[in-house]
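The listed protein sequences derive, respectively, from chains H, C, U and X. Quick note on the UniProt record's numbering: the first sequence kicks off at 1 and runs consecutively. Quick note on the UniProt record's numbering: the second sequence kicks off at 1 and runs consecutively. Quick note on the UniProt record's numbering: the third sequence kicks off at 1 and runs consecutively. Quick note on the UniProt record's numbering: the fourth sequence kicks off at 1 and runs consecutively.
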Amino acid sequence: MKKLALILCLFAGGLLLMNAHYLPMWGDPASPASTHVSPYFIENAYEHTKTPNMVAVVLADYRSYDTMFEAAVVLAAGFACFFLLRSRARGKKGGHHYYRHIPTGVTIKIEEGGKLPAENSKVFRSIDALWTPYDPIIQTTCRCLIPFLQIYSLYVLAHGHYSPGGGFQAGVVLGATIILLAISHNLKTSLKRMSERTAALWSIIGVFIFAGTGLLCLLLGMDYLNYEVLAPLLLSDEAMARSHSILIVEVGVTMAVMAVMVWIYYNLSSAGQQDEGL
Amino acid sequence: MDAIPYFIGKYNYWGCIFLFFLGMYAMISKTNLIKKIIGLNIFQTSIILFFISASFKHDATLPILMEEHKGAIDPVMYLNPLPHVLMLTAIVVAVATLGVALTLALKVYRIYGTLEEDEINHAIQSH
Amino acid sequence: MDPIMMEFSQHSPVLIVMAPFLLGMAAAAAGWANRKWAFPMAFLGLLSGLIAAIHMLIKTAKGEILVYHMAGWLPPFGIAYRIDTFSALILTAIMAVALINLVASRASAEKDFTEKAPAWYALYVFFVSGLAGMVATEDIFNLYVLLEIASLSAYALIGMGHNRAPFAALNYLLMGTIGASFYLMGVAYIYIATGSLNMTDIAVILQEMGPNPTITMAFALCMTGLLAKMAAFPVHGWLPNAYTFAPDATTNVMAALTTKVSIYIMIRLVLSLFPLSLAFDTGIIADAMVWLATIGIFAGAFMALAQKSFKRMLTYIVVVEVAYMVGGFWLGNRAGMTGAMLHILNDAAMTLCVFMAVANIRARRGADAFSDLKGLFQTMPFSMGALVISGLAIIGIPPTCGFFSKWYLISGGIEAGHWGFVIALLSASIINAILFFKVFEIAFFEVPAETFGQNSREHESDHHTHHGLPSLAMAEARISMLIPLIIMALTLLALGFMTGGIVNLFIDPAIPGQVL
Amino acid sequence: MIIFDIFIALLLAAGCVFLLGGALGILRMPDFYTRLHGASLLDTIALVCLLSASILYVLTRHPDVNGLITSLKIILIAVFVFITSPTATHAIADAGRRAGLKPWTRQNEEESP
Chain H
1 MKKLALILCL
11 FAGGLLLMNA
21 HYLPMWGDPA
31 SPASTHVSPY
41 FIENAYEHTK
51 TPNMVAVVLA
61 DYRSYDTMFE
71 AAVVLAAGFA
81 CFFLLRSRAR
91 GKKGGHHYYR
101 HIPTGVTIKI
111 EEGGKLPAEN
121 SKVFRSIDAL
131 WTPYDPIIQT
141 TCRCLIPFLQ
151 IYSLYVLAHG
161 HYSPGGGFQA
171 GVVLGATIIL
181 LAISHNLKTS
191 LKRMSERTAA
201 LWSIIGVFIF
211 AGTGLLCLLL
221 GMDYLNYEVL
231 APLLLSDEAM
241 ARSHSILIVE
251 VGVTMAVMAV
261 MVWIYYNLSS
271 AGQQDEGL
Chain C
1 MDAIPYFIGK
11 YNYWGCIFLF
21 FLGMYAMISK
31 TNLIKKIIGL
41 NIFQTSIILF
51 FISASFKHDA
61 TLPILMEEHK
71 GAIDPVMYLN
81 PLPHVLMLTA
91 IVVAVATLGV
101 ALTLALKVYR
111 IYGTLEEDEI
121 NHAIQSH
Chain U
1 MDPIMMEFSQ
11 HSPVLIVMAP
21 FLLGMAAAAA
31 GWANRKWAFP
41 MAFLGLLSGL
51 IAAIHMLIKT
61 AKGEILVYHM
71 AGWLPPFGIA
81 YRIDTFSALI
91 LTAIMAVALI
101 NLVASRASAE
111 KDFTEKAPAW
121 YALYVFFVSG
131 LAGMVATEDI
141 FNLYVLLEIA
151 SLSAYALIGM
161 GHNRAPFAAL
171 NYLLMGTIGA
181 SFYLMGVAYI
191 YIATGSLNMT
201 DIAVILQEMG
211 PNPTITMAFA
221 LCMTGLLAKM
231 AAFPVHGWLP
241 NAYTFAPDAT
251 TNVMAALTTK
261 VSIYIMIRLV
271 LSLFPLSLAF
281 DTGIIADAMV
291 WLATIGIFAG
301 AFMALAQKSF
311 KRMLTYIVVV
321 EVAYMVGGFW
331 LGNRAGMTGA
341 MLHILNDAAM
351 TLCVFMAVAN
361 IRARRGADAF
371 SDLKGLFQTM
381 PFSMGALVIS
391 GLAIIGIPPT
401 CGFFSKWYLI
411 SGGIEAGHWG
421 FVIALLSASI
431 INAILFFKVF
441 EIAFFEVPAE
451 TFGQNSREHE
461 SDHHTHHGLP
471 SLAMAEARIS
481 MLIPLIIMAL
491 TLLALGFMTG
501 GIVNLFIDPA
511 IPGQVL
Chain X
1 MIIFDIFIAL
11 LLAAGCVFLL
21 GGALGILRMP
31 DFYTRLHGAS
41 LLDTIALVCL
51 LSASILYVLT
61 RHPDVNGLIT
71 SLKIILIAVF
81 VFITSPTATH
91 AIADAGRRAG
101 LKPWTRQNEE
111 ESP
């Protein structure tokens with residue numbers, strides 16, 4: 001198998017490498033890729049949308065349909081993780097109950113009629129080995145960093161029209177702050193800030209903001225996602241309406257990405273139980 | 001002899017194709033599932049690099065319009081924005097795939113207690 | 001039609017994707033409030049998709065080609081949808097198959113996934129809208145995104161089945177991602193060579209450009225990727241396990257649609273993106289593909305013979321059917337292509353029908369090894385009746401639709417002089433006949449050793465044999481699973497009778513004139 | 001100006017040398033903790049060198065308000081790295097210790113080759 005794979009890869013790779021001879025030189029301004037469609041974007045993006053960041057314009061206007069499905073892919077991944085892993089079977093079977101050792105977060109299952117083990121018993125000694133002492137360095141650092149990171153992510157979102165940035169990046173940074181909270185404290189703390197239900201609903205709402213903007217354009221009589229028609233609603237001319245709509249759409253993307261990142265982390269880190277975490 | 005400019009002029013393609021098949025080889029030949037998933041990521045990243053390198057133009061800057069150019073815009077001045085957009089999508093798809101792959105690997109691990117493919121196959125056959 | 005409806009109906013190319021997608025999200029959101037609302041939402045979504053598809057079918061039948069510009073930007077710059085007669089036909093098939101299976105598998109989904117059922121509905125609808133988008137889109141990169149959304153949902157839907165399902169799903173994920181990435185690499189080559197992403201635009205540019213090694217490489221990469229996605233013979237390894245261990249509700253729709261849509265994409269790329277001369281002029285590529293398909297038919301058929309469980313046997317038949325279509329298309333003549341394209345439609349219908357019948361049996365008997373099928377004609381006459389019809393269709397016996405597409409395929413093979421392919425088709429029919437009559441024999445003549453309970457899995461075949469046929473009590477599947485199955489069985493007959501119309505109206509106009 | 005340029009080049013070179021050292025450390029050190037030690041310290045100091053080089057570059061090329069703002073941003077990046085990098089190292093080392101990884105000593109090595 002290994003040899004076969006090697007031969008296959010070498011053969012196909014050789015074929016592709018030989019063929020690379022016919023590709024244009026690196027950075028050639030006259031290559032078809034830089035002369036056919038892209039000059040149109042570069043020349044007209046600002047005029048059409050009054051937004052200097054061409055990547056944002058192409059992302060959220062010219063090819064907004066792609067971007068919407070990109071958000072949908074993220075949403076589908078969130079659903080996939082939830083669907084495959086989440087289990088709530090514990091604690092519902094009756095008869096037994098659970099004792100949670102708060103400092104370590106270890107949960108002990110106590111069978112029907114059973115008693116809690118004694119203070120110095122073997123069970124607790126094995127739990128004590130897992131106990132993590134309060135770690136001031138990590139917790140304090142994260143507590144100081146998280147607000148700044150969150151503000152930064154909002155900046156990345158709001159300034160996406162003028163500088164590198166936009167919905168996906170902002171969403172990832174925002175999601176990272178909540179994951180950071182979960183890592184530095186524990187899953188319970190972050191679940192208290194953002195429950196699973198919130199994450200799920202936010203991710204759906206985020207994608208819905210995007211898709212709904214498109215649907216609104218359709219209902220107002222234009223093509224799907226043609227923001228032009230929103231001009232009277234946004235109290236602006238057509239170009240500015242596009243600019244504003246790009247922001248609206250990016251807000252939706254931010255919400256979706258942030259919520260899905262957090263949701264996937266919740267499910268992956270606790271193997272779907274969402275009682276422990278890292 | 002312009003062999004040297006030729007090789008320098010296309011090194012991006014060589015590199016990406018090398019990474020492409022490196023990732024594919026890892027996916028086919030490794031037996032550990034996590035290593036396969038790492039291979040998958042290398043595989044997808046190589047395509048992202050390939051696309052991005054196609055957007056590059058010599059003497060051009062990043063595709064954010066500068067204040068002084070707002071009147072007449074010369075397309076040669078700016079990089080091609082389209083591959084960046086496409087690859088943003090591809091990156092997101094790669095991340096989503098990675099998430100689902102890890103989820104499935106976690107499920108496999110919970111069922112068989114191992115991530116080695118041959119051990120899993122052995123467990124399936126002996127069952 | 002009143003003006004508002006007129007206004008709205010021009011949006012059907014986008015509504016076919018967006019209506020299911022939005023209502024699928026609504027189903028998931030409703031699931032967090034009340035689980036009961038999830039099914040109606042998903043149903044409504046697929047129903048509106050079906051209505052949009054039928055609307056387009058009628059429009060294209062009048063000779064119109066529907067083009068829709070997303071966000072109002074014209075094609076080389078924006079994303080466009082382009083729907084001709086054949087894609088409208090496939091879209092209708094996708095939506096109808098998905099809707100019927102949704103109704104049929106509601107009970108088993110609610111039972112298997114309980115509180116996660118809304119997520120199942122959402123993923124199911126995402127999967128279907130991804131497939132529909134793949135068929136409708138004219139943008140090669142948008143195609144990749146939609147391909148991934150369909151695949152990601154598919155991995156999740158499969159991974160929730162039997163204990164072995166996650167491993168099978170992971171293998172499918174690795175193989176599927178290799179396929180999708182090869183396709184994306186092909187897109188990169190096309191983009192570098194032409195600078196465009198729109199199929200029609202690229203086709204025009206390629207016409208002007210003439211032969212080009214970069215495009216040949218792009219062609220090879222795209223085809224390799226799609227072959228992996230459609231489980232054509234040498235790279236079919238992921239399919240049997242993934243489909244066998246997936247939940248029945250998932251297998252039904254996936255076996256019926258995934259591979260067929262990949263084949264549709266292949267046909268569309270070859271016919272309307274790459275120059276036809278690239279695919280057929282040298283004859284080497286086409287010949288190689290037909291021989292590959294020929295070997296694939298034999299390999300799949302013999303593997304099917306070796307299986308002990310009904311569902312697993314059927315998954316190998318899916319591999320065989322894929323090889324029919326690949327081979328038929330690459331014959332390169334009009335009859336072969338017509339056969340392949342007609343077979344996409346017919347195969348979607350008959351695969352769904354046969355898998356639904358098996359799902360009914362499994363729901364009643366809890367297992368589907370051949371020894372569990374005894375006495376089924378007495379206990380489940382309607383399900384078995386549907387199974388007989390779909391079995392006849394797969395074998396290719398006249399009034400059913402399977403016969404007609406096979407007829408086209410065989411006549412295409414004879415016309416092209418590919419006798420190997422013709423022999424493969426005929427022997428596959430014989431092997432299919434053997435397989436199905438074995439099943440019918442067990443189900444008709446043999447009697448379960450004892451009256452089965454919940455788990456007839458423990459029965460040994462050598463307990464004791466009954467002489468004569470004692471009557472068994474009817475234990476038919478529940479009505480919500482039975483009615484869709486019977487509808488599908490009748491559809492198989494109806495499709496057979498409508499073959500002439502379908503070919504003339506929808507398939508012929510989609511094949512370019514150069515193909516003789 | 002040329003003096004500044006030489007200084008910038010020296011700083012960049014020093015940064016690269018430190019980074020190289022960090023990479024070598026990961027490859028050559030005997031155990032988890034020492035590898036982490038090498039990588040984290042050298043990476044931080046390399047980053048300081050590279051960032052100060054870029055600050056100098058910006059200030060020499062744009063000696064105005066814009067340049068000043070840009071260099072302030074770079075200093076902010078440095079502050080961020082100074083806070084996060086040691087914390088991350090601490091967290092990783094802590095996790096290693098808690099997972100029961102024994103630090104390397106000569107005796108250790110002789111016991112288990």
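From the three backbone atoms N, C-alpha and C, an ideal C-beta is built for every residue, glycine too. This one's a predicted model, so the numbers in the text were calculated from it and none came from an experiment.
Item	Value
Contacts around L516 (chain U), its chain only, beta-carbon distance under 7 Å, and the 5 residues preceding and following it disregarded	N333, R334
Interfacial residues, the region 91–108 of chain X to chain H, with Cβ spacing under 8 Å	A91, D94, R98
T354 (chain U) versus L273 (chain U) - alpha carbon distance	Going by the sequence as given, residue 354 (chain U) is Val instead of Thr. Answer to the nearest angstrom: the Cα atoms are 34 Å apart.
Positions along the region 181–194 of chain U whose CB lies within less than 7 Å of some CB in chain H	Y191, I192, A193, T194
Through-space distance from Y112 (chain C) to P512 (chain U), alpha-carbon basis	52 Å
Cβ distance (whole Å) where R365 (chain U) is taken to contact A477 (chain U) below 8 Å	Their Cβ separation, rounded to whole angstroms, is 10 Å, which puts R365 (chain U) and A477 (chain U) out of contact at 8 Å.
Of the listed residues H:M194, H:L201, H:G206, nearest to G171 (chain H) (C-alpha basis)	H:G206
Neighbourhood of T491 (chain U) by C-beta distance below 7 Å, restricted to the same chain and skipping five residues each side	A349
As assigned by DSSP and simplified to three states, the class of R457 (chain U)	Per-residue confidence for R457 (chain U) stands at a pLDDT of 45, beneath the threshold of 50, marking its modelled position as unreliable; no derived number is given.
Alpha carbon of A107 (chain U) to alpha carbon of R362 (chain U), nearest angstrom	13 Å
Top-ranked residue by Cα proximity to Q125 (chain C), from U:A30, U:R164, U:D347	U:R164
Closer than 7 Å at the beta carbon, the chain C residues around G225 (chain U)	Near G225 (chain U) there are no residues of chain C at all, since even the closest Cβ is about 11 Å away, more than 7 Å.
Spatial neighbours of A46 (chain X) in its chain, beta-carbon cut-off 6 Å, leaving aside the 5 residues before and after	G15, F18, L19
Interface residues of chain C facing I178 (chain U) [CB-CB closer than 7 Å]	M24, M27
S54 (chain X) (DSSP reduced to helix, strand or coil)	helix
Identity of the residue in C:G9, C:F18, C:L19, C:S29 nearest M1 (chain H) by Cα	C:S29
heavy atom of the ligand GDP below 7 Å from L157 (chain H) C-beta	This structure does not include the ligand GDP; it has no bound ligands of any sort.
Same chain, Cβ closer than 7 Å to V74 (chain H), five either side skipped, listed in chain order	A256, V257, V260
Residues near residue 517 (chain U) in its chain [Cβ-Cβ closer than 6 Å; skip 5 each side]	There is simply no residue 517 (chain U) to check, as chain U begins at 1 and stops at 516 in what is shown.
Minimum Cβ-Cβ distance from T200 (chain U) to chain H less than 8 Å	no
Simplified DSSP assignment, three categories, for H62 (chain X)	coil
CB contact below 8 Å: T87 (chain X) versus chain H	yes
Contact set for V17 (chain U): own chain, Cβ-Cβ below 6 Å, skip 5 residues either direction	S129, A132, G133
F21 (chain C) at chain U interface by Cβ criterion, 8 Å	no
Continuous beta strand (DSSP E) stretch holding H69 (chain U): start and end	66–69
Proximity test, Cβ basis, 8 Å: residue 518 (chain U) and chain H	Because chain U here runs from 1 to 516, residue 518 (chain U) falls outside it and cannot be looked at.
Proximal residues to P86 (chain X) (C-beta, below 8 Å), its chain only, five neighbours per side dropped	S40, T44
Whole-angstrom distance between F82 (chain X) and V97 (chain U), CA atom to CA atom	59 Å
Backbone CA spacing between T85 (chain U) and M77 (chain C) [nearest angstrom]	44 Å
Nearest-angstrom Cβ-Cβ length linking M18 (chain H) and F210 (chain H), presumed shorter than 8 Å	With a Cβ gap of about 43 Å, M18 (chain H) and F210 (chain H) do not count as contacting.
8 Å Cβ cutoff met for G402 (chain U) and N346 (chain U)	yes
For I410 (chain U) and W419 (chain U), the rounded distance between their alpha carbons	9 Å
Any C-beta of chain H under 8 Å from that of P113 (chain X)	A caution first: P113 (chain X) carries a pLDDT of 46, below 50, which makes its placement in the model unreliable, though a value can still be read off. No, P113 (chain X) does not count as interfacial toward chain H.
E196 (chain H) beta carbon less than 8 Å from that of Q273 (chain H)	no
Cβ neighbour criterion (16 or more within 10 Å) applied to Y11 (chain C)	exposed
Neighbouring residues, chain U, relative to T89 (chain C) (Cβ below 7 Å)	V145
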